[in-house]
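Be aware that the sequence shown starts at 21, since it is given in my numbering, and climbs by one per residue. Report on the following structure.
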Amino acid sequence: MNQNELKKAVGVKSVDYFKSDSVVGLGTGSTVYYMIEELGRRYQAGDIKNIVAVTTSSRSEKQAKSLGIPTKDLNEVDHIDVTIDGADQIDKNYQGIKGGGAAHLLEKMVATNSTKNIWIVDQSKMADQLGSFPLPLEVIPFGCEKTFEDLKKENLKPEFRLDENGKRVLTHNKNYVIDLKMGTINHPHLLADWLDHQVGIVAHGLFLDIVNTIIVGYEDGPKVIDNIR
Ligand code: 5RP
């Protein structure tokens, strides 16, 4: 199976976790694309009824709406039952890095308002330690060169994320993305705490102690890691 087939297999399997009469959270990314596609199929077939979706990007919102899935803003729901999202890297303690698609601020807000969080990944995302995937930050443009210098002084190896035209990537909220290319992250909780206290950084991509279930795509089929917390 190629990587897309592994992503599709976990995307399809994950929809088993969505139930009728619930508020569902929809993440962002190429793996989530397959999940939303399958949710749309089951919703249209009447196998899943009476749901409302809170999305984490305009991409996911557009896809959900195109399939007839009703959507609401996070402000319009009092809670989310289950959110299914992708991840960029997951370590052996099931801590994760997200934000490869620059949607980690909205993803974190949706995740922290969800009763249950499920990540769907292909096997290449599993690692002993975090950090070989660059850690994304969302930073406000005001004073961003100062923010960048502070990160550099801490030896966190910052780089502004650029698009194919060499322009700085803009997030949903018109902020910039800085990727920290540290190679390894030895103390994710200490780093997350430091980043949480830096003015100008709106969100970082360390998603710690958040996920409840992970579905990993392997050659011989999806493997579910359940009851993580
Ligand atoms: C977007 C994310 C994605 O969930 C993450 O990048 C995984 O994406 P993909 O499924 O395309 O590999 O965090 O901000």
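From the three backbone atoms N, C-alpha and C, an ideal C-beta is built for every residue, glycine too. All of these numbers come straight from a predicted model, not from anything done at the bench.
Using 8 Å as the threshold, is the segment 65 to 82 in touch with the segment 33 to 53, meaning 3 or more CB pairs across them?
Taking 8 Å as the limit for Cβ pairs, the verdict is that the segment 33 to 53 does touch the segment 65 to 82.
Could you give the residue range of the beta strand (DSSP E) that holds Phe180?
178 to 180
What are the complete alpha helix (DSSP H) segments, minimum 4 residues, inside the segment 38 to 106?
50 to 64, 78 to 86
Closest Cα partner of Asn70 within the set Lys39, Tyr54, Glu96, Leu87:
Lys39
Test item: CB-CB of Leu226 and Ile117 under 8 Å:
yes
Could you please give the first and the last residue of the uninterrupted beta strand (DSSP E) stretch that includes Pro242?
Note, Pro242: beta strand (DSSP E), 241 to 245.
So, are the CB atoms of Gly203 and Gly151 less than 8 Å apart?
Contact annotation: Gly203 and Gly151 have beta-carbon atoms nearer than 8 Å.
Rounded straight-line distance, which links the Cα of Ala107 to that of His217:
24 Å
Is there contact here, the segment 160 to 173 with the segment 191 to 205, by at least three beta-carbon pairs under 8 Å?
yes
So which of Met21, Val30, Asn22, Glu25 has the shortest CA-CA distance to Lys243?
Val30
Since Tyr196 sits in a beta bridge, which residues does DSSP pair it with?
Val159, Leu190
Taking the straight line between their C-alpha atoms, what separation do you get for Asp36 and Gly220?
39 Å
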